[in-house]
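Chemist: One rule links them: number in the numbering used here = place in the sequence shown (from 1) + 14.
Cβ coordinates follow ideal geometry from the N, Cα and C atoms, glycine included.
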Amino acid sequence: MLTLGLLDFDYALREKKSADLTTQSTAAEQLTHEKWTRCNRMSLMFMKQSISNAIRGAIPDSEDVKTYLEHVEAQFKGTSKAHASTLILKLVTTKYDGRSGIREHSMMMNDMANKLKGLEMEISDGFLVHFIITSLPSSFEAFKINYNTQKEKWTMSELVAMCVQEEERMRMDRTTDVANFTTSYSKKRKNNYQRKDASKVQRPNPNSNTSAPSSSKNSLGSIRCKFCKKTGHMQKECPDFKEWLAKKGNNYFMILESYNLSGFLSIRKLERNQRTLKVGDDRELEVKAIGTLQLVMKTGLCIKLYDTLYVPEVTRNLVSGPKLDMDGFIVSHGHRKLSIHYDSVLYGTGVLDGGLYRLELDDGFSKSLLSYNINESLTKMEEKRDLETSSMLWHQRLGHISKERLNRLVKDEVLPPLDFSDFGTCVKCLKGKMTLANKKGATRSSNLLELIHTDISGPYQIAGITGHTSFITFIDDYSRYMYLYLIKEKSESLTTFKDYKAEVEKQLDRQIKVVRSDRGGEYYGRHTDVGQAPGPFYEFCKGQGIVNQYTMPGTPQQNGVAERRNRTLMNMVRSMLANTNLPLFLWTEALKAAVHILNRVPSKSVPKTPYELWTGRKPSLKYMKVWGCIAEAKLYNPFLRKLDPKTVTYFFIGYPENSKGYRFYCPSHVTRIVETKRAAFLEDFKVSGSSTNPYEELQEVQDAGGRDSSLTITPITPLVPNATIVPEATAPTPNSPLQSEPIIPHDEGTSNTQNQDNAEPDNPLRRSSRQRRPPNWDDYFTYLTEMDPGKLNDHISYNEAISSDQSSEWNKAMIDELESMKKNDVWDLVELPNGVKPVGCKWVFKTKLDPNGNVERYKARLVAKGYTQKEGIDYQETFSPVSRKDSLRIVMALVAHFDLELHQMDVKTAFLNGDLDEDVYMKQPEGFKPEGQEHLVCKLKKSIYGLKQASRQWYLKFDEVMKRQGFMKNQVDQCTYLKMSGSDFTILVLYVDDILLASNSLDMLHESKRLLSHNFDMKDLGDASYVIGIEIHRDRHKGILGLSQKAYIDRVLTRYNMQQCKPSVAPVVKGDVFGSFQCPTTEVEKEQMSQIPYASVVGSLMYAQVCTRPDIAYIAGMLGRYQTNPGLDHWKAAKKVLRYLQGTKDYKLTYRRSDHLEVVGYSDSDFAKCKDDKKSTSGYIFMLAGGPISWKIHCCL
């Protein structure tokens, strides 16, 4: 931007684009347009030339420099969350290295804090001061103690001033620790000489007065030069050595042993004559690099050494005095001291040490030089040794355990001596383990299996890779040794305890005496109106002589050992997952690894490790690795070819339970989890504090079969033996119990009353080529209707009915239907007008049953194919109200309280009573076409079943008749009518074609029946006993009326093959969790669920709860939320409700006479219990005459 401004090209950035030139543009406008166009073009050229080709290709092109600049900004713009996380991590991990100065270090951390303020994450000055003091090295320990003992808090400026003053004081008192000014060329050679001389027997020479070291003398005591191998003088006096040193020193500055070249400012390419270095013994050493090195002297000034050679085989840092002189420095020495000046300024000093001048370097810089490795081979060994003694590495290998536990492992010699200098603040531990309080001590058992602590944790929203959502732990109080079992339901607690009891008692030859747990239903029993009833777990322990100890309600701390251990496990799991990029469904694998670790590391409550107390042997931790690290594993593969890779890249995820080896996860491999012992682990990039994973491209791979094609998933057989499933592309397998039904043929078309052009009658209609599925009528039969779900074998065609064993009955039923239509004058036979397509029709056959399931009558209905009608042409409106179930129950309550007469009537061919307002033409019914009139069609005068408007026309007709007869319509329920005559009244409830009549006067009731029979073809059913699938039981002597759906529930259970299932005590229990996390996520799981009639089961449950079962309202509503994508857990919950209905199918809604007739309501709500959207679920129920009349469960906003 500065360059563009200086060149006056930023005009296009500052000003908007001028309007395009026209013939009416002025000279000023033309000048402005030309200036903007030129600046825009030059700015684009300048910007694109300054960007590399690789980056320029990723930026969208634009002809507008302002737009192009926005594209550049968008390409490099990061999210505020990621930037804030990076700043926080950098602020926490930044340590003062002593190079840049304490003032620069403080300003750098203050700058990071200011950037966080801009991201709305403000850090107070006091907190920042503490952060800066914490980042200081151990050499500032006295300074830290001085700050902590003072009452006053420092500001940033005071802190900087104090730190600068303390650094100056420390610089003056610092001990000398510098790199050597030396001519030694091989530390290894020197050490070898020392070991050789030390192995010889040294005899003192009384005649010798020399004080030369033994390494410079031969076996007779004479002085020998190490350089020229001659006797009589030492190496430092050798003229050949002085000549060689001066010659070599004039060429190059320094030979630095630095494997990673971290001391170099810059490195350049070696020339041909610089690739080797010849030393005094005529050996040629390889030069790895040449560049510029910067020495930070004790004075604080820096000396740049140019043409510095990097030779790994030379183990000392050598600085050439003549080369310093050539670069303008003045090197002077005397009185055992060395000084280096430049322009009369003292840059550095040195002291004489063993005939060599040792330069006095800055303390932090000298330590960095001394930390460099000797050579390449030794470097790898030392790096590995340093890695194995790193406390942070073992902290990660052992699941982020505390520093105190590591110290105990070192003290007990389970781990080698560790270097705790790198043990700083672990951000992953803060993310996974932050707590508010510590536990209190308690008395412990004196032997194994005297007391077992147990608890269940879960369910968690994310299921593990094996589908488990919870886990149960059993912890021995004496040793704290723990067993873990993954479970899917809490009811598995008894099964896992039996397995645990059998194993530990067999292995230890002891008996479990006491089990301590919370008071959950899985341990104690279910809740009743008289308290908590003992359950299977309690009864089993009682039968085995095991004492159960339970916590008091609301006091989980009484089971503190298990509660804290589960919390510790999940803290470790969160820390281990935060340290990797692995998918979250591997949390169960991390959990098992955490249990393996905790059993082998000490805790505050036990003197030894749990493993040692449990087995009597000390554990070995040498095989421990960092969870989630990259590993190259070799698997057994007999089909491996010569050129195939021998290893596969995996992620380490744990230890096998019954084998010696490791468990690995590979998202791209056929088998995602494997076990092997042959593997190489890459842990170093985790220890180095890298915030990025170099293997981020290893992501979860999903194939067409789901998560893993190698997983064997057992297909689920539908509970409906005759269920209809028509696949889209594949035919059912021969072994499948599912039978496909014939595909519904394409229908003829729609009726049309408008004249259309017949000019193109021969044009073929376009037909869809997709395979057609028959509609799933089962849901319509069961969801909020009174249709019978128990029989699915009624005939579906006319030919099938007349060829069946009941052909005479079906023929009689069809004749009765046609007679009824003739009586109601439903149609006239006419010629089909031009341009009109008639509506088709078909026969629908239904076997009517009584409440006991016996055949009551055979019914045939002629139905028009109304789905071919078009709105606005064949019909206008279709809505038709029906009576609400609340109204029905209110009437039943009034009948019970006032002892009213209750009768039932049925309207024969109800829809035939409705008058049509449109002209609709229909084909003649199959099998009943008059001879000689086969070409005619039926012009409908009244509505029939199947027409879109049939139900509405029937309701309008009925409503008109009722008003004409003096009945008043209820304002809330439009299908409930009331007629008053003095003190007498009659209540009429209409549900499609079923009518209930309740009256306090028998005469008025009969009069109402006569009025209905006069206007419609009615069937008097007498006293009401069965309506819309609800059985009515009445005891007028006791004043009791009951509503039951036992017969309906029996048919539902029979339909889903659960008529012999064991009953359940409750449809849902405390702790049951439902959410979208239980929905299938892979194609395999979705294919499984597509074969299960989940929606049909939920529809059946919905109808039961809407009519007479408020006790399943909550679970039915909850299951209904997941009908679009149900999971196996939802299906299990639905079957559990069916088992509950099996045990409670005799339950009735009961109403009785009462002294005071009043409506009583109850309401309740939970608080944000929905796992998907954190919404609350509320419900209400209203009572009248001792029974419920209205209820509802719904999700609040």
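Thinking C-beta only, is residue 827 closer than 9 Å to residue 872?
Modeler: Here residue 872 corresponds to residue number 858 of the sequence shown, with the count starting at 1. Here residue 827 corresponds to residue number 813 of the sequence shown, with the count starting at 1. Yes, they are a contact pair.
Chemist: First and last residue of the beta strand (DSSP E) that includes residue 1202?
Modeler: Taking the first residue of the sequence shown as position 1, residue 1202 is located at position 1188. Taken as a continuous stretch (DSSP letters only), the beta strand (DSSP E) holding residue 1202 covers 1201-1209.
Chemist: To which residues does DSSP link residue 646 through a beta bridge?
Modeler: As a working note, residue 646 is residue 632 in the sequence shown. Note: residue 646 sits in a beta bridge opposite 663, 694.
Chemist: Taking contact to mean at least 3 C-beta pairs separated by less than 8 Å, is the stretch 505-520 in contact with the stretch 1059-1072?
Modeler: Segments in contact, no.
Chemist: So, for residue 308: in the same chain, excluding its five sequence neighbours on each side, which residues have a beta-carbon less than 6 Å away from its beta-carbon?
Modeler: Mapped onto the sequence shown, residue 308 falls at position 294. Only 279, 316, 318 meet the Cβ criterion.
Chemist: Which whole runs of the alpha helix (DSSP H) in the stretch 937-1007 are 4 residues long or more, in chain order?
Modeler: Segments of the alpha helix (DSSP H) lying fully in the stretch 937-1007: 964-978.
Chemist: Look at residue 153 and residue 186 and say whether their C-beta atoms are less than 9 Å apart.
Modeler: Position 139 of the sequence shown, counting from 1, holds the residue named residue 153. Position 172 of the sequence shown, counting from 1, holds the residue named residue 186. No.
Chemist: Touching or not, the stretch 1118-1138 and the stretch 1146-1156, by the rule of three or more beta carbon pairs under 8 Å?
Modeler: They touch, by the three-pair rule.
Chemist: Considering only DSSP beta bridges, list what residue 844 is partnered with.
Modeler: As a working mapping, residue 844 is identified with position 830 in the sequence shown. Paired residue(s): 951.
Chemist: Do you know offhand how far residue 49's Cα is from residue 131's?
Modeler: Translated into the one-based positions of the sequence shown, residue 49 becomes position 35. Translated into the one-based positions of the sequence shown, residue 131 becomes position 117. Using only the alpha carbons, I get a separation of about 42 Å.
Chemist: Is it the case that the stretch 573-584 contacts the stretch 479-492, given that we only count it when at least three CB pairs across the two stretches are under 8 Å?
Modeler: The stretch 479-492 vs the stretch 573-584: in contact.
Chemist: Quick one: measure Cβ to Cβ for residue 829 and residue 905, integer angstroms, because I've assumed they're closer than 8 Å.
Modeler: For the purposes of this step, residue 829 is identified with residue 815 of the sequence shown, where counting begins at 1. For the purposes of this step, residue 905 is identified with residue 891 of the sequence shown, where counting begins at 1. Between residue 905 and residue 829 the Cβ distance is about 37 Å, and since that is not below 8 Å, they are no contact.
Chemist: Ignore the nearest five residues each way along the sequence and tell me which others in residue 14's own chain have a CB closer than 6 Å to its CB.
Modeler: With the chain running from 15 to 1211 in the structure shown, residue 14 is simply not present.
Chemist: How close, in whole Å, do the beta carbons of residue 666 and residue 630 come, if the pair is a contact with beta carbons under 8 Å?
Modeler: Stepping through the sequence shown from its first residue, residue 666 is reached at position 652. Stepping through the sequence shown from its first residue, residue 630 is reached at position 616. No, residue 666 and residue 630 are not in contact; Cβ-Cβ is about 29 Å, not under 8 Å.
Chemist: Tell me which residue opens and which closes the beta strand (DSSP E) that residue 1166 is part of.
Modeler: Residue mapping note: residue 1166 aligns to position 1152 of the sequence shown, counting from 1. Unbroken beta strand (DSSP E) run through residue 1166: 1163-1166.
Chemist: When the Cβ atoms of the stretch 1175-1183 are set against those of the stretch 1130-1140, are three or more pairs found closer than 8 Å?
Modeler: Too few Cβ pairs lie closer than 8 Å, so no.
Chemist: Assuming the contact rule is C-beta atoms closer than 8 Å, residue 926 and residue 1027 should be a hit. Round their C-beta distance to whole Å, please.
Modeler: Working through the sequence shown from its first residue, we reach residue 926 at position 912. Working through the sequence shown from its first residue, we reach residue 1027 at position 1013. Not really, about 16 Å apart at Cβ, beyond 8 Å.
Chemist: Considering only DSSP beta bridges, list what residue 363 is partnered with.
Modeler: Mapped onto the sequence shown, residue 363 falls at position 349. Paired residue(s): 353.
Chemist: Just the C-alpha distance for residue 1198 and residue 1060, rounded to the nearest angstrom, thanks.
Modeler: Against the sequence shown, residue 1198 aligns to sequence position 1184. Against the sequence shown, residue 1060 aligns to sequence position 1046. Roughly 23 Å separates the two Cα atoms.
Chemist: Just to confirm, is the Cβ distance from residue 471 to residue 591 under 9 Å?
Modeler: In the sequence shown, counting from the first residue as 1, residue 471 sits at position 457. In the sequence shown, counting from the first residue as 1, residue 591 sits at position 577. No, they are not a contact pair.
Chemist: At a cut of 8 Å, does the stretch 1035-1048 reach the stretch 1006-1015 through at least three beta carbon pairs?
Modeler: Yes, since at least three Cβ pairs between the stretch 1035-1048 and the stretch 1006-1015 fall closer than 8 Å, the two stretches touch.
Chemist: I need the boundaries of the beta strand (DSSP E) containing residue 579, first residue and last residue.
Modeler: Numbered from 1 along the sequence shown, position 565 holds the residue referred to as residue 579. That residue, residue 579, is in no beta strand (DSSP E); its alpha helix (DSSP H) goes 574-592.
Chemist: Where does residue 880 sit, in a helix, a strand or coil, going by DSSP?
Modeler: Numbered from its first residue, the sequence shown carries residue 880 at position 866. Reduced to three states, the DSSP call for residue 880 is helix.
Chemist: Using CA atoms only, rank isn't needed, just tell me which of 417, 692, 480, 1139 is closest to residue 618.
Modeler: Here residue 618 refers to the residue found at position 604 of the sequence shown. Nearest option by C-alpha distance: 417.
Chemist: Check whether the Cβ atoms of residue 1108 and residue 1193 lie closer than 9 Å to each other.
Modeler: Walking along the sequence shown from the start, residue 1108 turns up at place 1094. Walking along the sequence shown from the start, residue 1193 turns up at place 1179. Cβ distance not < 9 Å, so residue 1108 and residue 1193 don't count as in contact.
Chemist: What's the C-alpha gap between residue 936 and residue 1126?
Modeler: Start at 1 with the first residue of the sequence shown, and residue 936 comes out as number 922. Start at 1 with the first residue of the sequence shown, and residue 1126 comes out as number 1112. For residue 936 and residue 1126, the distance between alpha carbons rounds to 45 Å.
Chemist: According to DSSP, simplified to helix, strand and coil, what is residue 689?
Modeler: Here the question's residue 689 lines up with position 675 in the sequence shown. Note: residue 689 maps to strand in three-state DSSP.
Chemist: Going by beta carbon distance, what residues of the same chain come within less than 6 Å of residue 105, once the five residues before and after it are set aside?
Modeler: Mapped onto the sequence shown, residue 105 falls at position 91. Here the set comprises 126.
Chemist: Does the distance from the CB of residue 1191 to the CB of residue 1185 come in under 9 Å?
Modeler: Position 1177 of the sequence shown, counting from 1, holds the residue named residue 1191. Position 1171 of the sequence shown, counting from 1, holds the residue named residue 1185. In this structure, residue 1185 does not lie closer than 9 Å to residue 1191 by Cβ.
Chemist: Residue 986: buried (16+ other C-beta within 10 angstroms of its C-beta) or exposed?
Modeler: On the sequence shown, residue 986 is found 972 positions in, with the first residue counted as 1. With fewer than 16 Cβ atoms within 10 Å of its Cβ, residue 986 is classed as exposed.
Chemist: With H, G and I counted as helix, E and B as strand and the rest as coil, what does DSSP make of residue 526?
Modeler: In the sequence shown, the residue the question calls residue 526 occupies position 512. Coil at residue 526, not helix or strand.
Chemist: Looking at the unbroken beta strand (DSSP E) that takes in residue 1197, where does it start and where does it end?
Modeler: Within the sequence shown, residue 1197 is the residue found at index 1183, counting from 1. 1191-1198 is the extent of the beta strand (DSSP E) around residue 1197.
Chemist: Is the distance from the Cβ of residue 479 to the Cβ of residue 605 below 9 Å?
Modeler: Position 465 of the sequence shown, counted from the first residue, corresponds to residue 479. Position 591 of the sequence shown, counted from the first residue, corresponds to residue 605. The answer is no: Cβ separation not under 9 Å.
Chemist: Ignoring anything shorter than 4 residues, give me the alpha helix (DSSP H) runs that lie fully in the stretch 87-149, in order along the chain.
Modeler: Qualifying alpha helix (DSSP H) stretches, in chain order: 94-107, 116-132, 139-148.
Chemist: Note down, one range per segment and in chain order, each beta strand (DSSP E) of at least 3 residues found wholly within the stretch 277-326.
Modeler: With a minimum length of 3 residues, the continuous beta strand (DSSP E) runs that stay inside the stretch 277-326 are 278-282, 290-292, 298-300, 303-310, 316-324.
Chemist: Helix, strand or coil, according to DSSP, for residue 164 in the structure here?
Modeler: On the sequence shown, residue 164 is found 150 positions in, with the first residue counted as 1. DSSP places residue 164 in coil when its eight states are reduced to three.
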